[in-house]
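Protein chains in written order, with the working numbering: chain A, 1 to 151; chain B, 1001 to 1187; chain C, 2001 to 2778.
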């Protein structure tokens, strides 16, 4: 049905010309920035200083929001909707804008238990961490596709 | 200078033709007229005189130039135009056709400019000549610090409504309220 | 003093009246362009509402040359230059850098660099237009004084007139005896007349003294002092009252007053009169410390709440108060601090006095947290104090973490390299109830070996988890100190298949991402373990690939299972943005799960988990649809599912529809089923009128849980919103339940009135709308 393994037929990994990148993050040591760095490193990117980088990735801070998705019979929050957003911009080595500012977003739902707030707070922590991975994946994919299509 | 008009007029030129009957002498070719601090240079200069007294000097050039020191402590006035007419008795200089007068950095340009030497007044009027409007350019005074005008506070560097980028009270510190990593970093 | 309509006696009145006509009535010569002549790109919302807008011929020229360093170039029909005195007459036009000045006659003294201009004066700078009959200028700094002045601030959408209008060097505009309005020319909806007013364009703040607000020429409000924002950079000044009525407290009027002391700190004081309770004083101070943190200290106090005395006669102290400290800081990119502490006087405080934000109203406990994180290169250290103040009678206090310290190794997960895993956490749990408390030490150490190719990944992990308690249990003095250890191994692998194809002219790439996750962790009896901070994790697609089914760290769950999942994505081939992603998966259990949250709970014997599905579909920028489902093949029933779609149109129209269903199967305690539909909309019916509403309907109770309907009239220079809210509330003292007939339904009416240009704090109405209509931005 036409499916083939990625990479064997015109892969979407980052082309060699994007090999050396510089990351400029609002908060360079935050969890989200580290997850993103790790993901980029895993797909073959070298992080270098601005001077020698072929491309610059500017990463805004992650925005986490939690709202009630539904209300149970006791008029209490039955489900939460968690959203995680981050904006990113890509520039070339001279600082000219190539892509963005774009916003990547991930949304998840989870069940609330008003009788166990501490436990549910820990679940939010786990979900938020997983959402960071998915958000980083989304950003890499968009940059990879952009790099592939813009040659 | 005020006493320029008593000075004698000396003229150098390549050629000079004196026509007693018409009461005029025509100089041409790199003409240079000097009377005290007043100097006129032109391609062709005609002096209309009666009884050895020059009444009117007409200088034509591309452009003709003129300069004079109005007073000892005043800056020299430079002027040029295609036609400069100097009425000695009235102590008036008429500049016509792309006329320009410069004094202490300020320049006035237009089709017709009158320069009244005794009153040190440069007057240009587009309406009379029907030509286009008069331009004036004044450089900013960078040298000494001019004192403040009538308004109460001495002016600091003014400027447009520059939008000061003061960071509003709440900045969004990094991921507001971010607890530590969960047990396993999700794939 | 207002102008008398009849023939004007004194010349000053005539000037005033002519000016007023010119300012309020006419628009000509004030850079106002009717909407038909406005280029489409500039037709923003306010332009459509006002039927036109100011167009600044000098917009964006600020860089074009600072006047102070530029030549003065003038043209006129007649000039006279006498030494340093220059006189210009006849259509004088002067430019100095980006500053233009025009007038009938002008005299300029080069020494003092001052000029006098008379007749039809027009002074222009980017963002500013001044007109007047007579004026004086100081060309070095642009200071100007104009008599019978008219001014326009293009970006601030403000114009006005003044008997004496002056502008000082720091671009502060001073208005003596003048008026100002935001409305479009010809609209007399409102204008502000003042004895003295200053507009500080640098700070974006206007201050008026002796100010009278008139609507349609009729003065309706006077204040000795009023400050207002010139742009939305900062809230400031006297802000607009919010009027409401709530069945819990009757008439509710609050008049916020905001004082901006300095760029980095401000104060908000809100006296609030509640009919059946009394006068509540709310204060909130915000401070921005230069090192990189922001602080908010807030509080409210209501002495002798009448209604409270009736509701709780037993409580001797009827005073109600709230204290709040919030802080977020990031210092040197290494130390991140956070404080979120709220404390209230009694359990019913939020329900009674916080009618504004439904989100906070439904909170059953208030977070009281202080945390400090060290963001190291290789280590992440978190120190935290966390407790909750319970607001519900039927829920006992949750455990307090006083403190909890977590040290975690931060790896880079480089492929094809072993990565050590390490996490250690010490927690001290306390509770003011008669319950077990104690200290817990959790640690895990192990290795992971990630392998990554372009077409797939394989990550194997092995780690050992150890848990140790020091307990003291008032109910069982001889309770021993349990501990447990469990080895864990997991293998997580996946492949990426792709194919390119096009549909409806769009070049897409469809991916197929199968994933297998085998998890084994050894069993150890933990029936004597307490439960401090653990909970059952919601079962969804993410849960398939987690190495635990409990949140918190009180349980080392046993597992021998294989999760099978597949994700497909439709991606735009050029930009990589996701058009659709869908996932489906299930866990096959090879052993029963014996570790449970409640020690007495039976083993879980099912051999297959529910099927978890997830779908996110974004057909256009404006429309999105999200759905999740948990289907139980053994009972052939859906245990949980929800569907949510939202649509946003260019003109700001919003439409959301959602359905959510959840049958609690493995939750501790009796949790009622949720079966609920949601609808919300914010819909412009005409240029000025908008309807909005939100509606949560519980199908299982066949009752509207919460509904809100509202109407908004928004014109060029003012806006009014009226909102009616009906909501169920957790009745005091008894365990609330939907089907109980006496579950009282509360009603609230809120009114928000804003004079555009004079500012307005995001009031309760906006918070309610943001809370109930997804995607609404005030």
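Glycine is no exception: its CB is placed at the ideal position from the N, C-alpha and C atoms.
A quick note: this is a predicted structure, and the numbers were derived from the prediction, not measured.
Taking each of 2142(C), 2157(C), 2071(C) and 2707(C) in turn and checking the Cα distance to residue 2166(C), the smallest one comes out for 2142(C).
Residue 2192(C) sits close to residue 2213(C), with the two beta carbons spaced by under 8 Å.
The Cβ atoms of residue 2521(C) and residue 2486(C) lie closer than 8 Å to each other. Setting aside the 5 residues that flank it on each side, residue 2076(C) is surrounded in the same chain by 2088, 2089, 2090, 2091 and 2092, each with a C-beta closer than 7 Å to its C-beta; the list follows chain order. In the DSSP assignment, residue 120(A) falls outside any beta strand (DSSP E) and within the unbroken alpha helix (DSSP H) covering 117-150. DSSP places residue 1136(B) in the strand class (E or B) of the three-state scheme.
For residue 2150(C), DSSP records a beta bridge to 2131(C) and 2161(C). Taking C-alpha positions only, residue 39(A) is separated from residue 133(A) by approximately 8 Å.
Rounded to the nearest angstrom, the Cβ distance from residue 2589(C) to residue 2606(C) is 7 Å, consistent with a contact under 8 Å.
When Cβ-Cβ separations below 8 Å define contact, residue 1125(B) makes contact with chain C.
DSSP places residue 2351(C) in the uninterrupted alpha helix (DSSP H) bounded by 2349-2353. DSSP places residue 2765(C) in the helix class (H, G or I) of the three-state scheme.
Residue 2364(C) and residue 70(A) have their C-alpha atoms some 15 Å from each other.
Chain-order list of chain B residues neighbouring residue 2070(C): 1140, by C-beta distance under 8 Å. Across the set 2114(C), 2083(C), 2099(C) and 2125(C), the C-alpha of 2083(C) shows the shortest separation from the C-alpha of residue 1108(B). Listed along chain B are 1104, 1106, 1138 and 1141, each with a C-beta nearer than 8 Å to that of residue 2110(C). When rounded, the separation of the alpha-carbon atoms in residue 2426(C) and residue 2467(C) is 10 Å.
Distance between residue 88(A) and residue 99(A), taken at the CA atoms: about 8 Å. A distance below 8 Å separates the beta carbons of residue 136(A) and residue 36(A). The beta carbon of residue 1100(B) does not come within 8 Å of any beta carbon belonging to chain C, so the residue lies off that interface. Residues 2646, 2648 and 2654 of the same chain have their beta carbon placed closer than 6 Å to that of residue 2775(C), with the five preceding and five following residues left out of the count.
Take residue 1023(B), set aside five residues on each side of it, and the residues of its chain with a beta-carbon closer than 7 Å to its own are 1048, 1049 and 1050, in chain order. If you look at residue 2310(C), you'll find it isn't in any beta strand (DSSP E); it sits in the alpha helix (DSSP H) that goes 2306-2311.
A residue is called buried when at least 16 other Cβ atoms come within 10 angstroms of its Cβ; residue 4(A) does not meet this threshold and is exposed. Contact with chain C is found for residue 1135(B), since one of that chain's Cβ atoms lies less than 8 Å from the residue's Cβ.
Collapsing the DSSP output to three states places residue 2280(C) in a strand. For residue 35(A), the uninterrupted alpha helix (DSSP H) run begins and ends at 31-42, by DSSP.
For residue 4(A), the chain C residues whose C-beta falls within less than 8 Å of its own C-beta are 2497, 2498 and 2499, listed in chain order. For residue 2575(C), a Cβ of chain A is located within less than 8 Å of the residue's own Cβ. Straight-line spacing of the CA atoms in residue 2149(C) and residue 2072(C) works out to 23 Å. Given a length threshold of 3 residues, each whole run of the beta strand (DSSP E) inside the segment 2187-2233 of chain C is given here in chain order: 2190-2200, 2205-2215 and 2218-2229. Judged by DSSP in its simplified three-state form, residue 2048(C) adopts helix. Taking the Cα of residue 2342(C) as reference, the smallest distance to any Cα among 2334(C), 2327(C), 2352(C) and 2751(C) is reached at 2327(C).
For residue 2320(C), the uninterrupted beta strand (DSSP E) segment begins and ends at 2320-2331. Note on geometry: alpha-carbon atoms of residue 2309(C) and residue 2748(C) lie some 22 Å from one another. For residue 2257(C), the enclosing beta strand (DSSP E) begins and ends at 2257-2262.
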